[in-house]
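Residue numbers (UniProt numbering), protein chains in the order written: chain A, 1 to 116; chain B, 1 to 116.
Built from N, CA and C at the ideal position, the CB exists for glycine as well.
Down below is the structure, laid out as structure tokens.
Number of protein chains: 2
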Amino acid sequence: MSDHPIAPVAAHEPPYYAVVFTSVHTEVDSGYGETSERLEELVKDVPGYLGMDHARTPGGLSITVGYFRDLAAIEEWRSDPEHRAAQRNGRAHWYETYTLHVAKVERSHTFQRTEN
Amino acid sequence: MSDHPIAPVAAHEPPYYAVVFTSVHTEVDSGYGETSERLEELVKDVPGYLGMDHARTPGGLSITVGYFRDLAAIEEWRSDPEHRAAQRNGRAHWYETYTLHVAKVERSHTFQRTEN
């Protein structure tokens, strides 16, 4: 999707929030890809948005983790009209099951290999 | 890997902790699979362990989220000797980069499709 090196979002100075979204998709993917790309752009405008990590095992679990400075940033994103419409579509079509965990990060750490 | 249906760990009653581990692997996978399977069994013996979600995009990001009742459970797991040896191997061989976020879950929610 992009030509920059793959890297997880690095540790920020705590406290900040991690919104962990774990899901299993249905077989209905129609509209999902476009919506997903649109939301990835849209969330960048939310003040306090710090980044997002995503991984999906083929035929298995999907995990998205969004990082936000505070609960106000999460609330602004949660109530965004386009995001809300996507949430409805998700429940109606795309997700067999999902769980959302809203969690306050108390400590974090990034490791980066240095030798070449 | 198993024949039970794929499902993310369901929401528990807060507060509990989510340990979010995001990583990019090197090309050195030797010993990783066995160690990973062994640790998945071992962590189940930690009092306060609530479950684990994992997703890995082929050629991309890996995300593991472990859920624990409290910091004492996380500390017990973190200091387990086999887990510690695996952490050393991870930094020496398996991971190009990783980030760990230790976060206290304040609210959570599970959606499960009901229609068939």
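Check: Residues of chain A with a CB under 8 angstroms from the CB of B/TYR98: which are they?; Outcome: PRO8, THR110 and PHE111
Check: Are A/VAL102 and B/ARG107 close, meaning C-beta to C-beta below 7 angstroms?; Outcome: yes
Check: Could you pull the start and end residues of the beta strand (DSSP E) that B/LEU61 belongs to?; Outcome: Taken as a continuous stretch (DSSP letters only), B/LEU61 belongs to no beta strand (DSSP E), as it is neither H nor E.
Check: Check whether the segment 26 to 43 of chain B touches the segment 13 to 30 of chain A, taking contact to mean three or more Cβ pairs, one atom from each stretch, closer than 8 angstroms.; Outcome: no
Check: Is A/PRO40 close to chain B, meaning its C-beta is less than 7 angstroms from at least one C-beta of that chain?; Outcome: Here the sequence assigns Glu to residue 40 of chain A, which means Pro is not the residue at that position. No, A/GLU40 lies away from the interface with chain B (no Cβ there is under 7 angstroms from its Cβ).
Check: Between A/ILE63 and chain B, is any beta-carbon pair separated by less than 7 angstroms?; Outcome: yes
Check: Could you confirm whether any beta carbon from chain C is found closer than 7 angstroms to the beta carbon of B/THR22?; Outcome: Although the question refers to chain C, the structure presented lacks it and instead comprises the protein chains A and B.
Check: Give me the residue from B/GLU27, B/VAL24, B/TYR49 and B/ARG113 with the minimum Cα distance to A/TRP94.; Outcome: B/ARG113
Check: Please state whether the Cβ-Cβ distance between A/ARG56 and B/ALA55 is less than 7 angstroms.; Outcome: yes
Check: In chain B, what lies closer than 8 angstroms to A/THR35 by C-beta?; Outcome: Chain B residues near A/THR35: none, gap ~17 angstroms exceeds 8 angstroms.
Check: Pick helix, strand or coil for A/GLY31, following the three-state DSSP scheme.; Outcome: coil
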